[in-house]
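Asks: Here it is, the structure, as structure tokens.
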Amino acid sequence: MKKIVFCLLLLTFSFRLAAQIDYLEPVKPFSSYTGELGEYYRSVFSLLNTGFQKQPYARFAAIPSFSPEYAMSVERKNGRYTLISNTLSRTYWQAEKGTVTVDTKSVVISASLYQSLGAIFRLVTEQVQDLDGSTAGLDGIVYYFSSTDAKGKERMGRKWSPEKGTLMERLVLVCQSAYMLSRGENISEQTLAEEAASLLKALQQRSKEEPDAYKQPMYVGIYPVGPRAKTLSGRQVEEPAHFSAMSPEEYIANEMVYPAGLLEKNVSGYALCEFTIDKEGVILRPHILRSTHPEFAEEALRIVKGMPKWSPALAGGKPADSNYTLYIPFRPQLYRNK
């Protein structure tokens, strides 16, 4: 029974981030990229946005790994509601400069579909997951979504090849269908409108039930967060080490002293601290795997070194040494509000 419980806990630690990140993810400003990558982003989006209105109402772009990039914009022109799409003649990354052309097509749509798509894009770009790291892989497709809020500010989020059955997958499918409709393919506008209305309803329901879920900081990256499946000697863990007094997150929030200089500049970031929990529950050898600032690393180590004893992992029914990685987010606003 303990083994089953531990497996469930491990699944929770290993997959909860991917499962819970059913939101768009932050987009790094294209101006911050340098070299060939920076040139690629600036050039490809300039081409993809050819002929689109300056401020996006509901705009979608797809960047596949090995096929031409494409984009779609939902717009109102001359009193008509339209889907306008641009498709590049070939993959921009592999092409010689100046050889890529843009194929533009459009279709008139109903006011109701226009409004549904606009509402969907506003909602998903307002609820971008607070994320450290990235889920993007080496292949697949990265999708970008942008809109303009009531104050005239452009908002953007992205998603890499979303999991099946998620709201973000439904979002991509709706956008893909809208793109195909604009290209003159055999897509039913009525069916698309129904799918868009259903998605909007589901997104609004989630917003009502979990209004602040996307604000909870999360880490996704190459380092696994939480307990390890095996002890230091290689035995299978039956029950993982855990912090008995409260959750580690609560302890961190209570003990954190935000580095003054970074707090004053409103700098956010994170640290990943790995340590061993011995048979007595004592923390040994804490060290930083990754941090965005040296000051965050120092504060993370201070917090971890000051933690009381944990309940050690169990292997073969006996306490055992095991490793644990703790994700420590630093967010000025959350710190000020505590």
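Quick note on numbering: the sequence shown equals residues -18 to -1, 1 to 320 in mature numbering (1 follows the signal peptide of the UniProt record, and there is no 0). No residue lacks a Cβ here, since even glycine has one placed at the ideal position from N, Cα and C.
Gly122: which of Arg104, Leu254, Lys141 sits nearest, CA to CA?
Replies: Lys141
Asks: Looking only at its own chain, which residues have a Cβ that is under 6 Å from the Cβ of Tyr23, when we skip the five neighbours before and after it?
Replies: Phe12, Tyr15
Asks: Return the residue from the list Met138, Phe257, Glu246, Ser25 that minimises the CA-CA distance to His269.
Replies: Phe257
Asks: In this structure, what does DSSP give as the bridge partners for Ile259?
Replies: Ile265, Ser304
Asks: Classify Ser28 as buried or exposed, calling it buried when 16 or more other Cβ atoms lie within 10 Å of its own Cβ.
Replies: exposed
Asks: Please classify Val219: is it buried, with 16 or more other beta-carbons within 10 angstroms of its beta-carbon, or exposed?
Replies: buried
Asks: Straight-line CA distance for residue 321 to Trp292?
Replies: Residue 321 lies beyond the residue range present for the chain, which begins at -18 and ends at 320; the question has no answer from this structure.
Asks: Between which two residues does the alpha helix (DSSP H) holding Ile285 run?
Replies: Bounds of the alpha helix (DSSP H) holding Ile285 are 276 to 287.
Asks: With a CB to CB cut of under 7 Å and the five nearest residues on each side skipped, what residues in its chain are close to Lys212?
Replies: Gln218, Val219
Asks: May I ask which residues mark the beginning and end of the alpha helix (DSSP H) holding Lys183?
Replies: 171 to 191
Asks: Around the C-beta of Arg58, are 16 or more other C-beta atoms found within 10 angstroms, so that it is buried, or is it exposed?
Replies: exposed
Asks: Going by C-alpha to C-alpha distance, which of Val9, Gln315, Pro193 sits closest to Lys247?
Replies: Checked all of Val9, Gln315, Pro193; the closest Cα to Lys247 is Gln315.
Asks: With a threshold of 6 Å on Cβ separation, who are the neighbours of Val(-14) within its own chain once the five nearest residues in sequence on each side are excluded?
Replies: Reliability of the predicted coordinates at Val(-14) is poor, the pLDDT of 33 falling under 50, and no value is obtained from them.
Asks: So what does DSSP say about Pro314, is it helix, strand or coil?
Replies: helix
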